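Engineer: In the order they appear, the protein sequences are chains A and B.
First residue of the first sequence: 0, per numbering that gives the first Met the number 0; consecutive thereafter.
First residue of the second sequence: 0, per numbering that gives the first Met the number 0; consecutive thereafter.
Yeah, the Cβ is synthetic: ideal placement off N, Cα and C, and Gly gets one too.
Quantities reported herein were computed from a predicted structural model and do not represent experimental measurements.
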Amino acid sequence: MLKNINESTNTLEEYGYACGRIRDLEKYLLNKEIIHKMIESQDLEKSLRVLAENNLSEYSFEKLDSSSIDQVLVNISKRNLNLISEISPYPYLFQLFSWKHDFHNIKVLLKAKMLGKKELFPLYDLGNLSLNGLHAAVFEGKYQLIPIKIKRFIKQAEEGYLKYDSLQLMEVSIDKGYYETIFEQLEDINQDFLFYYYKTEVDLLNLIITCRCKIREIHKSKLAEILIKYGQLSTQKLIDIYDNPLHSWSNNFQKSDYFMVIEQGIKHWIEKNSLLKFEQMIDNYLLNLLKIGKYTTFGLECVIGYYYAKENDLKNIRIIINGKKNSLSDIMIKKYIRDTYV
Amino acid sequence: MILAVNPNRMELLKLKRRLELANRGYKLLKDKRDALIQKFIKLVYENKRVREEFDRKIRERTNEFLLATICMGENDLNSIFMFPQRLTKVKTEYSNIMSVKVPKYQITEKGNLFTYGMIDTSPELDNSLKKYQEIAPLMIKMAELDKAIVLLTEEIEKTRRRVNALEYVMIPNLEDTIKFITMKLDEMARSSNSAIMRIKEMIRGE
């Protein structure tokens, strides 16, 4: 984390107001103590009561069925995004965080089109593009309400599906489109920290994608089409090690920042045949990277750190709720809970 | 119980032949019943083993699936599974166990199991689905064994009833009837002997 502090850090005075607001809001983020209390509660109801007891009234769940809980968490995520856009001097920066919802919607709509269904789909109303625009583009071929590059991704994905009859490849093509959009926008924004964050995310994602390709028994020759090219790690390196024994993978990344994550993640995968630990370590690594925001008084890092910290809280709450609902043991829930920002 | 037949030599011969046939059938059916029971017990043990393995695996897989999807919301999960491309077909063939036609199921799978991307889904989901898929043949095997056990049970019951009918009804009835006819024929022979003897005496007395 500290390696990201340089001469350009903490110099953006226009973020003074946003950082001040966020310092106050950080008090309402979940800490380890609250999370442990929630996990150790007897049942789901008592677990959610812990949130209210700690002045976290934002998380008020009237009904405890899956869709209601999901809706509350999605609304909090929406409010979180709106809030940072409002307090930030450059709201357009935060379009970056909404693209994932747009691309999720594109995937769902394309799948629905392939299925020949036009009824209700699980869409997110959190994206940069209007749902009507996307609907018209996917179902009716009317692309006026969406950007040209998105039209290109939709067409590419559709053509890919029709050619190979593979939803997997269709989604991979949309995922690549997502990162293309993000990095195009990052070029415009020109913020070192954001670049660094997304490049790290892509690297770690490429590592996990390589593991997933191994599980899905995808041939080495296809890997180049699947990996995302915007990271710091060379995708060729990942392709080269693909057929090597798993235990030797981490040796190739000894000089990389992610060595510990890769070594322990792969070790756990070999021993337990599970990628859960790897996934958790990646999330924790990225969160740790964002913790620079806690030490920034004038900078974008503070706002981004808060945004992801809140998203991380939502993830932790989801883990606890799902764990409690399915009667998972406290130890099991604690094992997979993510690190906290504060 | 004595059968309603005419007590004559012809019937006696017929009944003796039927008794012989019934005894032979009884022996054969008893052997069949024993063999069926033996096979049945073997299948029950195999079923128990497969069911225990299935129960253990399904519990493990369900837990793994739960952990894999623990971070995911309902929307994400629904979108992942809204368009499955995997097609599973079950082909049925029959084998013969002691004249019982027992089905043998063969599972064939086609299409991609993974119909979702890799950036917004849990990596463990791939593992979990793959492991889930591995228990499908076990489930089919369990269904095959269950069906075989049901069919064998019906056949054992049918054979047992036949064996019992032969052992406790048909054979005793035939034996009783044969005994009755034999006695009746003996009685007739004795009465005709005494009639002959009386006639002889009457002739001598003249």
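Quick one: using the 10 Å Cβ neighbour count with 16 as the cut-off for buried, is A/H103 buried or exposed?
Structural biologist: Answer is buried; the Cβ neighbour count reaches 16.
Engineer: Between A/L166 and the rest of its own chain, which residues show a CB-CB distance below 8 angstroms, the 5 nearest in sequence each way excluded?
Structural biologist: These residues qualify, in order along the chain: K110, M113 and Y160.
Engineer: What does the Cβ neighbour count give for A/R78, buried or exposed, with the cut at 16 atoms within 10 Å?
Structural biologist: It counts as exposed.
Engineer: For A/I225, I'd like the list of residues in its chain whose CB is within less than 8 angstroms of its CB, leaving aside the five on either flank, ordered along the chain.
Structural biologist: V171, I208, C212 and I217, listed in sequence order.
Engineer: Please identify the residue among B/R8, B/L2 and B/I195 whose C-alpha is closest to the C-alpha of B/T181.
Structural biologist: It is B/R8.
Engineer: Between the alpha carbons of B/M201 and B/A194, how many angstroms are there, rounded?
Structural biologist: Each residue's alpha carbon lies about 10 angstroms from the other.
Engineer: Using only CA atoms, which one of A/Q231, A/L232 and A/N251 lies nearest to A/I240?
Structural biologist: It is A/N251 whose Cα lies nearest to the Cα of A/I240.
Engineer: Taking the alpha helix (DSSP H) that A/Q279 falls in, what are its first and last residues?
Structural biologist: Its alpha helix (DSSP H) spans residues L275 to L289.
Engineer: Out of B/T61, B/M71 and B/E108, which has the shortest C-alpha to C-alpha gap to B/P83?
Structural biologist: Of B/T61, B/M71 and B/E108, the residue nearest in Cα terms is B/E108.
Engineer: Could you work out which residues of chain B lie near A/D174, taking near to mean beta carbons separated by less than 8 angstroms?
Structural biologist: Residues of chain B passing the Cβ test: G116, M117, I118 and D119.
Engineer: On a Cα-Cα basis, can you pick out the residue from A/D242, A/Y305 and A/T234 that is closest to A/S84?
Structural biologist: Selected option, being the one with the closest Cα: A/Y305.
Engineer: State the beta-bridge partners of B/Q105 as determined by DSSP.
Structural biologist: For B/Q105, which the question treats as bridged, DSSP gives the partners B/K90.
Engineer: What residue range is occupied by the uninterrupted alpha helix (DSSP H) comprising B/K129?
Structural biologist: It spans P122 to E133 - the alpha helix (DSSP H) in which B/K129 sits, taken as one unbroken run.
Engineer: Between A/L299 and chain B, is any beta-carbon pair separated by less than 9 angstroms?
Structural biologist: With 9 angstroms as the cut-off, A/L299 does not count as an interface residue toward chain B.
Engineer: Determine the closest residue to A/S67 out of A/Y335, A/N205 and A/R317, with distance taken between C-alpha atoms.
Structural biologist: Nearest C-alpha to A/S67: A/R317.
Engineer: Find out if the Cβ-Cβ distance for the pair B/L66, B/E123 is shorter than 9 angstroms.
Structural biologist: Taking 9 angstroms as the Cβ cut-off, B/L66 and B/E123 qualify as a contacting pair.
Engineer: Using the three-state DSSP reduction, which class does A/K99 fall into: helix, strand or coil?
Structural biologist: In the structure shown, A/K99 sits in a helix (DSSP, three-state: H, G or I).
Engineer: Interface residues of chain B around A/Q167 at Cβ under 8 angstroms?
Structural biologist: Residues of chain B passing the Cβ test: N111, F113, T114, Y115 and G116.
Engineer: Tell me the rounded alpha-carbon separation between A/A156 and A/I227.
Structural biologist: Their Cα atoms are separated by approximately 16 angstroms.
Engineer: Give the range of the alpha helix (DSSP H) segment to which B/Q37 is assigned.
Structural biologist: Looking at the DSSP string, the run of the alpha helix (DSSP H) that includes B/Q37 is R8 to A67.
Engineer: I think B/G116 touches B/R85, with their Cβ atoms under 8 angstroms apart; what is that distance to the nearest whole Å?
Structural biologist: Not really, about 17 angstroms apart at Cβ, beyond 8 angstroms.
Engineer: Hey, would you say B/M71 sits closer than 9 angstroms to B/S121, going by beta carbons?
Structural biologist: Yes. Within cutoff.
Engineer: Which chain A residues sit within Cβ distance under 7 angstroms of B/L66?
Structural biologist: L275 and Y335, listed in chain order.
Engineer: Does A/A246 pass the burial test, meaning 16 or more other C-beta atoms within 10 Å, or should it be called exposed?
Structural biologist: Sequence check: residue 246 of chain A is His here, not Ala. Exposed is the call here.
Engineer: Is there a Cβ from chain B that is less than 9 angstroms from the Cβ of A/R317?
Structural biologist: So yes, A/R317 belongs to the interface.
Engineer: When you compare the CB positions of A/G264 and A/I281, do they come within less than 9 angstroms of one another, or not?
Structural biologist: Yes. Within cutoff.
Engineer: Note down, in chain order, every chain D residue with its Cβ under 7 angstroms from the Cβ of B/I57.
Structural biologist: Note that chain D does not occur in the displayed structure, where the protein chains are A and B.
Engineer: If you check the beta carbons only, do A/L285 and A/A308 fall under 9 angstroms apart?
Structural biologist: It is not a contact, given that the beta carbons lie outside the stated cut-off.
Engineer: Helix, strand or coil for B/I96 per DSSP?
Structural biologist: Note: B/I96 maps to strand in three-state DSSP.
Engineer: Report yes if the CB atom of A/L185 is closer than 9 angstroms to the CB atom of A/N205, and no otherwise.
Structural biologist: Their beta carbons are not under 9 angstroms apart, which means A/L185 does not touch A/N205 by this criterion.
Engineer: Put A/K148 into one of helix, strand or coil per three-state DSSP.
Structural biologist: Helix.
Engineer: Return the CA-CA distance between A/K162 and A/M169, expressed in angstroms with no decimal places.
Structural biologist: One C-alpha to the other measures close to 10 angstroms.
Engineer: Let me know if B/M187 comes out buried or exposed under the rule of 16 or more other beta-carbons within 10 Å of its beta-carbon.
Structural biologist: Exposed, since its Cβ has fewer than 16 Cβ neighbours within 10 Å.
Engineer: Pull up the distance between the alpha-carbon of B/L2 and that of B/K31, whole angstroms please.
Structural biologist: Each residue's alpha carbon lies about 28 angstroms from the other.
Engineer: Does DSSP classify A/Y257 as helix, strand or coil?
Structural biologist: Coil at A/Y257, not helix or strand.
Engineer: Can you round the beta-carbon distance between A/L232 and A/S255 to whole angstroms, since I take them to be within the 8 angstroms contact cut?
Structural biologist: About 7 angstroms; that satisfies the 8 angstroms criterion.
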